[in-house]
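To start, the structure under review is shown below, and the notes come after it.
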Amino acid sequence: KIDLSKAFHTIPLPTDQIGTYAFQHRDKFYAYKCMPMGATNAPKHFHLTMGTILKKLRYAEHVRFYQDDIFIAADDERDLKRRFETTKKYLTKH
Numbered sequence: 001k002i003d004l005s006k007a008f009h010t011i012p013l014p015t016d017q018i019g020t021y022a023f024q025h026r027d028k029f030y031a032y033k034c035m036p037m038g039a040t041n042a043p044k045h046f047h048l049t050m051g052t053i054l055k056k057l058r059y060a061e062h063v064r065f066y067q068d069d070i071f072i073a074a075d076d077e078r079d080l081k082r083r084f085e086t087t088k089k090y091l092t093k094h
């Protein structure tokens with residue numbers, strides 16, 4: 001199992017939505033450039049993004065994900081280690 005910490009913050013917001021996630025504090029204006037936690041559509045958008053990324057793995061039928069957890073299946077420990085490392089490298093690139 002791979003747990004992606006702060007996964008939502010890795011997804012950039014479309015430029016036309018940046019103002020939607022803006023706030024003001026002590027006379028300064030701040031805006032998120034990446035998906036903030038707590039946004040209504042964040043889980044759906046993250047799920048669609050992860051599905052697009054993970055389906056490109058050559059063994060995608062052995063990978064499942066739920067929110068920020070990725071589960072990898074294999075027939076033996078050696079194959080599982082190989083898939084785990086490959087998935088980790090692949091996710092780092094994307």
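Position one of the sequence shown corresponds to residue 1 (full-length UniProt numbering), numbered consecutively onward. Yeah, the Cβ is synthetic: ideal placement off N, Cα and C, and Gly gets one too.
Identify every residue that forms a DSSP beta bridge with residue i.
i: residue 30; result: 23
i: residue 12; result: 34
Which residues in the same chain as residue i place their Cβ atom closer than 7 Å to its Cβ, once the five residues preceding and following it in sequence are excluded?
i: residue 40; result: none
i: residue 84; result: 72
i: residue 31; result: 18, 19, 21, 22
Apart from the five residues on each side of it in sequence, which residues of its chain come closer than 6 Å, Cβ to Cβ, to residue i?
i: residue 70; result: 2
i: residue 65; result: 50
i: residue 42; result: 8, 35
Go ahead and label residue i buried or exposed: buried means 16 or more other beta carbons lie within 10 angstroms of its beta carbon, across all protein chains shown.
i: residue 23; result: exposed
i: residue 29; result: exposed
i: residue 7; result: buried
First and last residue of the alpha helix (DSSP H) that includes residue i?
i: residue 61; result: Residue 61 -> no alpha helix (DSSP H), and no H or E assigned at all.
i: residue 122; result: Because the chain spans 1 through 94 in this model, residue 122 falls outside it and cannot be assessed.
i: residue 79; result: 77–93
Contact defined as beta carbons within less than 8 Å: I believe residue i pairs with residue j. What is the distance between those atoms, to the nearest angstrom?
i: residue 9; j: residue 34; result: 5 Å
i: residue 57; j: residue 87; result: 7 Å
i: residue 4; j: residue 68; result: 4 Å
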